[in-house]
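Take 17 as the starting number for the sequence shown in the working numbering and just add one per residue.
The beta-carbon is built from N, C-alpha and C at its ideal position, and this holds for glycine as well.
Beneath this line is the structure, given in structure tokens, with notes to follow.
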Amino acid sequence: MDKKPCIVGVSDFPLSERGRASEGNSELTIQKYCAEEALDQAGLKLSDIDGIAVAGMWGVPGPGLMQPNLLVEYLGIKYPKWIEGTNIGGSTFLVHVNHAFQAINAGLCETVLVLYGSLQKSNMSRVLGDRPALYSNQFEVVSGLPLPVGAYALAAQKHMSTFGSTRETLAEIAVSTRSWATMNENAAFREPLSIEDAMQSKPISSPLHRSDCCLVTDGGGAVIITTEAKAKNLKTKPIYIKGFGECNSHSSINYMPNMDKLEIATHSSKIAFEQAKLNTTDIDITMLYDSFTITVLLTLEAIGFCNFGEGKDFVRNQRTAPGGDFALNTNGGGLSYCHPGMYGIFTIIEAARQLWGVCGKRQLEKPVNALCHGTGGVLSSSTTLILSNESN
17 MDKKPCIVGV SDFPLSERGR ASEGNSELTI QKYCAEEALD QAGLKLSDID GIAVAGMWGV
77 PGPGLMQPNL LVEYLGIKYP KWIEGTNIGG STFLVHVNHA FQAINAGLCE TVLVLYGSLQ
137 KSNMSRVLGD RPALYSNQFE VVSGLPLPVG AYALAAQKHM STFGSTRETL AEIAVSTRSW
197 ATMNENAAFR EPLSIEDAMQ SKPISSPLHR SDCCLVTDGG GAVIITTEAK AKNLKTKPIY
257 IKGFGECNSH SSINYMPNMD KLEIATHSSK IAFEQAKLNT TDIDITMLYD SFTITVLLTL
317 EAIGFCNFGE GKDFVRNQRT APGGDFALNT NGGGLSYCHP GMYGIFTIIE AARQLWGVCG
377 KRQLEKPVNA LCHGTGGVLS SSTTLILSNE SN
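As structure tokens, this is what we get:
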């Protein structure tokens, strides 16, 4: 039997009131909903799950310190063979898919459930700015740098100084992402956004304005990975994991090697492309973590969709918007769709849906290969995942 790992089910949590979960939900009910929806899509049962991967910022300190334990108990998963609780920030869930691939391929387990859930908007729990002045953070925290936005603002200022990108460059990204969100019924922000609107939005941390910053929402998602052999008897066509790479370089922005180049993304994507035996011209849809507009600009250059310094020209004239020739963040991204604190899982969910052809108004025409990229911390960790609806 072929153990080739593939994605067979995904789900995201329905939101209302500009990104808020309905009353009565918890992080656990969100994850249970997503698990059940993804299982139903694939035609699987919870009893089929023998591996679990979960991470998040909820319940810390407390039960959230051991989230896989709590989810196994809550969902009633019986004696899983494989458990993953790695947390390296927003890029985490792409790492989970990578590690699940390796575990399934090695025969350690057969079917893995990757989960995430958050109520950070409802609970008003976005407290990353309250980090203690410990270890490398002792320098930036005491100097008053707002986190995480201040770290990304430093990178944006450096990129503008080095390569000549502008606030209008960043506005191009915000506007094109919002254009995709207008076609996503689950997006928190669906109102049209113009370049002028973006340029005139409220300053947050120079040079970043409100339109350059990700949302603060509730949300959750699930991804199910199993073997190609098992997928043959399921309801969905398998989405194959062609390549993956991971890399990191620092915790504090003070120690980022080159603030105008996301070099860890260059390393992780190089590994992924080599494994997949593909290159940037083979990619039909690109899903990049967009914690801030500058994150997208840095990632496009680092992965090699354009050369360093050419991002400002690459995104010009709404090239990445609907109708453009480069499909980017077609669900509306963390800038307009949702951002529950750790966004990476949603890049996988949208990529899989596009490859299945189930995205309705925003559906691309027959995409074959998708690239997902996660960025965690303050440009600290990078994970790249290449998916395809073709086996070879």
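| request: Would you kindly check if the distance between the Cβ of alanine 214 and the Cβ of valine 232 is under 8 Å? | output: no
| query | Would the beta-carbon of threonine 102 be found less than 7 Å away from any heavy atom of the ligand PLP? | reply | Inclusion of the ligand PLP in the displayed structure is not the case, the ligand content being empty and no account of it being possible.
| request: Tell me where the alpha helix (DSSP H) around asparagine 164 begins and ends. | output: Reading off the sequence, residue 164 comes out as proline, not asparagine. Premise fails: proline 164 is in no alpha helix (DSSP H) and is neither H nor E.
| Where isoleucine 68 and serine 177 are concerned, what is the direct C-alpha to C-alpha distance, given to the nearest angstrom? | 44 Å
| message | Going by C-alpha to C-alpha distance, which of Asn385, Lys20, Tyr90 sits closest to serine 42? | response | Tyr90
| query | Got a sec? Which residues, its chain only, sit under 6 Å from tyrosine 416 by beta carbon, not counting five neighbours each side? | reply | As shown, the chain starts at 17 and ends at 408. That puts residue 416 outside it, with no answer to give.
| Since glycine 92 and leucine 62 are thought to touch, with beta carbons under 8 Å apart, how far apart are those beta carbons, to the nearest angstrom? | 7 Å
| query | With 16 other CB atoms within 10 Å as the buried threshold, where does aspartate 18 fall? | reply | exposed
| Boundaries of the beta strand (DSSP E) in which phenylalanine 260 is found, first to last residue | 255 to 264
| said: If you reduce the DSSP assignment to three classes, tell me which class threonine 336 lands in. | reply: coil
| request: Leaving out five residues on either side along the sequence, give the residues of the same chain with a beta carbon under 7 Å from the beta carbon of alanine 58. | output: Val24, Gly25, Ile240, Leu250, Lys251, Thr252
| message | Can you tell me whether histidine 355 is helix, strand or coil according to DSSP? | response | coil
| request: Following the continuous beta strand (DSSP E) through glycine 235, name the residue where it begins and the one where it ends. | output: 235 to 243
| query | Can you pull the DSSP bridge partners for asparagine 385? | reply | Ser404
| In whole angstroms, what separates the C-alpha of alanine 71 from that of glycine 327? | 32 Å
| request: Figure out for me which residue from Thr400, Gly236, Ala187 has the closest Cα to the Cα of alanine 54. | output: Gly236
| Do the CB positions of threonine 399 and leucine 131 come within less than 8 Å of each other? | no
| message | Only counting the same chain, and skipping five residues up and downstream in sequence, which positions put a Cβ closer than 7 Å to that of glycine 169? | response | The question names glycine, yet the displayed sequence has alanine at residue 169. Cβ within range, chain order: Ser221, Ser222, Pro223, Leu224.
| message | Taking the alpha helix (DSSP H) that tyrosine 49 belongs to, which residues open and close that run? | response | 43 to 58
| request: Report buried or exposed for glutamine 83, applying the criterion of at least 16 other Cβ atoms within 10 angstroms of its Cβ. | output: buried
| query | Under the DSSP definition of a beta bridge, which residues are partnered with serine 27? | reply | Ala238
| request: Going by CA-CA distance only, name the one from Ser181, Pro208, Ala292 that's closest to phenylalanine 324. | output: Ser181
| With distances taken from CA atoms, which of Ser268, Val374, Asn405, Ser397 is nearest asparagine 200? | Val374
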